[in-house]
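Just so you know, the protein sequences line up as chains A and B, in that order. Letter by letter, the first sequence follows residues 6 to 405 of the working numbering. Letter by letter, the second sequence follows residues 6 to 405 of the working numbering. Glycine residues also receive a C-beta, built at the ideal position from the N, C-alpha and C atoms. Only a predicted model underlies this, so the values are computations on that prediction, with no experimental measurement involved. Taking it in order: structure first as structure tokens, then the write-up.
Protein chains: 2
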Amino acid sequence: MDLGLLHDLAQPNTTKIILCSLDGLGGLPRPGTGKSELETARLPNLHVLAKRSACGLLRHVGPGITPGSGPGHLGLFGYDPLQHPVGRGVLEALGIDFHLKPGDVAARGNFCTVDAQGRITDRRAGRLATDLCVKLCEKLRSVTVDFAEIVIEPVKEHRFVLVLRGEGLSGRVSETDPQTLGVPPLHARALDPSAERAAAAVNQFVERARPLLRDAAQANMVLLRGFDKQPDIPLFPGTFRLRAAAVAAYPMYRGLARLVGMDVLDTGPTFADEIATLERHWADFDFFFLHYKDTDKAGEDGDFDAKVAALERFDARLPDVLALGPDVLAVSGDHSTPSILAAHGWQPVPALVSSAYCGADHVSRFTERDCAGGALGILPAQDLMPLLMANGLRLAKYGA
Amino acid sequence: MDLGLLHDLAQPNTTKIILCSLDGLGGLPRPGTGKSELETARLPNLHVLAKRSACGLLRHVGPGITPGSGPGHLGLFGYDPLQHPVGRGVLEALGIDFHLKPGDVAARGNFCTVDAQGRITDRRAGRLATDLCVKLCEKLRSVTVDFAEIVIEPVKEHRFVLVLRGEGLSGRVSETDPQTLGVPPLHARALDPSAERAAAAVNQFVERARPLLRDAAQANMVLLRGFDKQPDIPLFPGTFRLRAAAVAAYPMYRGLARLVGMDVLDTGPTFADEIATLERHWADFDFFFLHYKDTDKAGEDGDFDAKVAALERFDARLPDVLALGPDVLAVSGDHSTPSILAAHGWQPVPALVSSAYCGADHVSRFTERDCAGGALGILPAQDLMPLLMANGLRLAKYGA
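Structure representation (structure tokens):
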């Protein structure tokens with residue numbers, strides 16, 4: 006559905022909407038039992054909720070396409086992820102909750118090792134310790150270049166974020182990482198004329214970083230890739246006419262929510278902290294994006310039992326969410342992370358929508374298999390937001 | 006599906022198709038029983054028919070979008086309602102079964118009350134009595150303007166339709182209704198250069214109407230909005246190569262059928278009259294659009310029991326429709342009107358398609374919940390017409 010049309014139809018109301026994203030929610034049956042994580046877990050609260058909800062499966066990008074966290078969440082937020090790609094440099098910045106400003110060009114940086122002739126011998130500098138990465142980033146902050154301010158933030162091990170801040174910069178800059186060993190880093194090139202200042206700034210930065218790193222035997226050079234600007238995306242609160250808040254402990258999801266213009270609330274590291282934050286700000290917003298990370302972590306680790314336990318921990322907290330009395334509650338996820346894959350998967354993700362007007366279906370268990378027969382059908386993730394708006398009586402009729 | 010492609014594939018046959026639209030068909034469970042109107046009603050004939058039909062749910066505009074009657078029926082007729090918007094003035098004209106001609110510009114008019122300084126004090130003139138509206142419209146018919154013939158038709162209470170008829174008129178004219186009190190009506194402006202003649206005609210009309218209404222204390226001025234022309238829409242009979250007739254007692258649906266070029270048959274006010282009309286013209290057409298209004302009226306009134314009764318009355322007449330032996334029979338609606346909403350809803354609408362070739366599914370009851378699991382899936386309303394054509398063996402193979 007066109008975001009402009011949704012904006013035209015959006016109307017104020019006092020209803021409250023919670024969108025609960027269980028990261029990596031969907032799973033696959035474990036060989037042996039033939040049951041998925043959702044089918045194995047004891048989830049009394051989710052199943053009772055599913056019984057009075059409309060259920061279905063969300064597909065975030067397209068059939069067979071495995072979404073990253075960026076596209077997965079943009080879909081949940083109502084955007085077509087194929088129309089709003091988020092570059093790698095920007096995602097890296099969002100992943101450390103870095104506050105990108107409009108016009109910033111972000112890149113993913115690696116410390117690497119080069120030999121006496123400047124040829125790369127290790128693209129990740131032996132995955133150097135994070136505290137060393139922090140110290141080297143501190144050094145790089147002294148570099149100045151023409152045309153742009155340089156901002157450097159460490160991420161983890163050999164990874165850091167480079168941000169170019171200034172007027173008239175473009176992200177259309179080629180990578181300096183040749184993605185192979187035995188050759189020197191590449192010069193950055195402008196991929197179109199608008200990027201010449203940015204490319205010059207990148208090359209100056211690399212040349213001025215080199216002498217500063219000379220003594221850091223293991224990490225004596227940098228590689229840069231994934232130059233990009235923030236996507237020019239219609240903001241969520243304006244589009245849907247919602248005061249929207251994100252409750253997310255993990256930086257990546259805070260960053261994605263900030264990208265679309267949500268207020269990102271301060272919260273502690275646990276899901277209990279997140280729920281306390283939700284309760285504290287209940288009066289202040291119309292829409293809450295509530296993120297639960299544990300399901301994805303367990304799935305990525307390939308730990309079926311841990312994912313079952315993470316689902317059960319969520320289920321135990323669900324009554325606290327329901328106690329707030331949201332007019333509309335959706336439970337779904339940004340992608341599946343089947344434990345037997347130990348990675349994100351392309352499988353569509355169970356979803357439920359609960360409200361006084363959600364309608365009924367025959368689904369009484371919140372599982373992949375059951376939700377496939379629900380009233381929502383199998384729908385693109387970006388269709389969820391219009392449904393939540395409608396269930397909150399926040400969309401006017403189309404046409405007389 | 007592209008209408009041009011459907012036209013290319015359409016081929017003649019002697020099969021007969023009935024599309025039966027139960028206005029506002031879909032509903033929601035009543036709190037207390039947990040059963041929707043369709044689940045509460047005794048519908049022996051519909052359920053038996055559903056058992057030998059392919060069932061599904063129709064979505065008319067998009068997930069979460071509540072369709073008006075115009076978009077709802079255009080979807081049933083095979084058009085994408087987002088690509089063929091129908092303006093408010095045109096719908097108002099269709100709603101009184103006014104025969105718009107190509108090039109006509111229609112607007113919705115309100116009689117309003119203005120004070121001695123010309124400032125609006127009541128935008129609806131106290132919802133004046135319809136017979137007074139008729140008399141005032143009679144007065145306004147004496148107004149003449151440059152560039153256009155003026156046609157005035159009363160609607161109901163304070164509402165009337167203004168039609169500008171003439172060469173080279175455009176509907177891109179701004180509204181004279183300021184939508185607020187304490188200010189005078191606005192001048193009409195051309196929203197693009199092509200609309201200058203129409204805007205001038207509108208302003209002349211308003212200036213010449215003013216003295217005629219001076220003595221009508223309650224309704225001494227007019228407000229005009231929703232200027233629009235008929236959409237330039239490919240006509241239904243040509244597109245599908247069908248002799249198509251509409252059997253509809255209510256003016257709005259007669260108007261919508263005429264908009265797409267169907268023959269609109271004279272019929273009496275009851276559904277029994279409509280069925281008699283259908284029987285009388287059975288030999289003359291290939292396709293019949295049969296409209297049943299009572300379901301929507303009861304739903305709009307928020308009268309659950311009345312909607313149940315309306316469904317049961319339809320069910321009792323269904324054998325008369327089946328007795329005609331249509332090769333293809335579809336039963337669905339233009340939108341849902343859940344009694345608990347007392348308004349149109351966004352919920353997808355049950356649909357069944359019955360023919361010798363419709364295929365089977367597990368659905369044996371014609372309800373929202375059951376149809377969600379049917380062989381048609383949840384499909385855009387405009388996909389119904391190609392299915393009906395195919396079931397009538399009226400579409401050639403695509404590609405060799």
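Roughly how many angstroms lie between the CA atoms of F152/B and S199/B, to the nearest whole one? 13 Å
Local conformation of M170/A per DSSP, three classes: The sequence given here has Arg at residue 170/A, not Met. It is a strand residue.
Return the residue from the list L63/A, N396/A and T19/A that minimises the CA-CA distance to R374/A. L63/A
C-beta neighbour in chain B for G379/A, strict 8 Å: yes
Could you round the C-beta distance between S179/A and A203/A to whole angstroms and report it? I think they count as a contact, below 8 Å. In this structure, S179/A and A203/A do not form a Cβ contact; the two beta carbons are roughly 11 Å apart against a cut-off of 8 Å.
Closest to G29/A by CA distance: which of A134/A, E143/A, P355/A and V53/A is it? P355/A
Give the DSSP bridge partners of N115/A, in chain order. R164/A and L228/A
Run of the beta strand (DSSP E) containing R64/B, from where it starts to where it stops: Counting along the chain, the unbroken beta strand (DSSP E) around R64/B starts and ends at A59 to R64.
One or two residues paired with L4/A in a DSSP bridge: In this structure chain A extends from 6 to 405, so residue 4/A is not present and cannot be described.
Between T275/A and the rest of its own chain, which residues show a CB-CB distance below 8 Å, the 5 nearest in sequence each way excluded? Answer for T275/A: A254, listed in chain order.
Return no unless some Cβ of chain A is closer than 8 Å to the Cβ of L228/B. no
Taking 7 Å as the cut-off, does the CB of K234/A come closer than this to any heavy atom belonging to the ligand GTP? Here there are no bound small molecules, and the ligand GTP is not part of this structure.
Consider the Cβ of H65/A: report whether some Cβ of chain B lies at a distance smaller than 8 Å. no
If we ignore side chains and look at the alpha-carbon of each, how far apart do I23/A and N396/A end up? 12 Å
Tell me which same chain residues have a C-beta within less than 6 Å of the C-beta of G94/A, skipping the five on either side of it? A111, A112, R113, G231, F232 and D233
Take T372/B as the anchor and find which of M394/B, T19/B and L54/B has the nearest alpha-carbon. L54/B
Flag H367/A as yes if its beta-carbon sits less than 8 Å from any beta-carbon of chain B, otherwise no. yes
Using 8 Å as the limit for Cβ to Cβ distance, is K144/A near chain B? Closer than 8 Å: no.
Could you check where the beta strand (DSSP E) with S337/B kicks off and where it finishes? V333 to S337
Let me know the secondary structure DSSP gives F210/A once reduced to three states. Looking at F210/A - three-state DSSP - the assignment turns out to be helix.
For P159/B, which residues does DSSP report across the bridge? F165/B
Of all the options Q16/B, A46/B and R170/B, which has the alpha carbon lying nearest to the alpha carbon of A321/B? A46/B
Which whole-angstrom value describes the C-beta separation of G249/A and F290/A, a residue pair presumed to lie in contact below a C-beta threshold of 8 Å? Note that residue 249/A corresponds to Ala in the displayed sequence, not to Gly. Contact holds; Cβ gap of about 6 Å.
At a Cβ cut of 9 Å, what residues of the stretch 275–309 of chain B count as close to chain A, listed as they run along the chain? none
Give the straight-line distance between the Cα atoms of L137/A and V166/A, rounded to the nearest whole angstrom. The C-alpha of V166/A is placed about 15 Å away from the C-alpha of L137/A.
List, in chain order, every chain A residue whose beta-carbon is nearer than 8 Å to that of P256/B. Chain A residues near P256/B: none, gap ~14 Å exceeds 8 Å.
Could you tell me which chain A residues have their CB closer than 8 Å to the CB of P76/B, listed as they occur along the chain? Y403 and G404
Would you report the Cα separation of W287/B and G364/A, rounded to the nearest angstrom? 38 Å
Note down, in chain order, each residue of its chain lying with its Cβ closer than 7 Å to the Cβ of N398/B, except the 5 sequence neighbours on either side. The displayed chain sequence assigns Leu, not Asn, to residue 398/B. Here the set comprises N18 and T20.
Locate the alpha helix (DSSP H) running through A130/B, then write down its first and last residues. No alpha helix (DSSP H) holds A130/B; DSSP gives it neither H nor E.
Three-state secondary structure assigned by DSSP to R177/A: coil
Out of H163/B, C142/B and E162/B, state which residue places its alpha-carbon closest to the alpha-carbon of I155/B. C142/B
Determine the direct distance from the alpha carbon of L218/A to that of R259/A, and round the result to whole angstroms. 32 Å
What are the complete beta strand (DSSP E) segments, minimum 3 residues, inside the stretch 245–275 of chain B? 249–252
Would R374/B pass as an interface residue toward chain A - the criterion being a Cβ-Cβ separation below 8 Å? yes
With DSSP run on the structure shown, which of helix, strand or coil describes C142/A? helix
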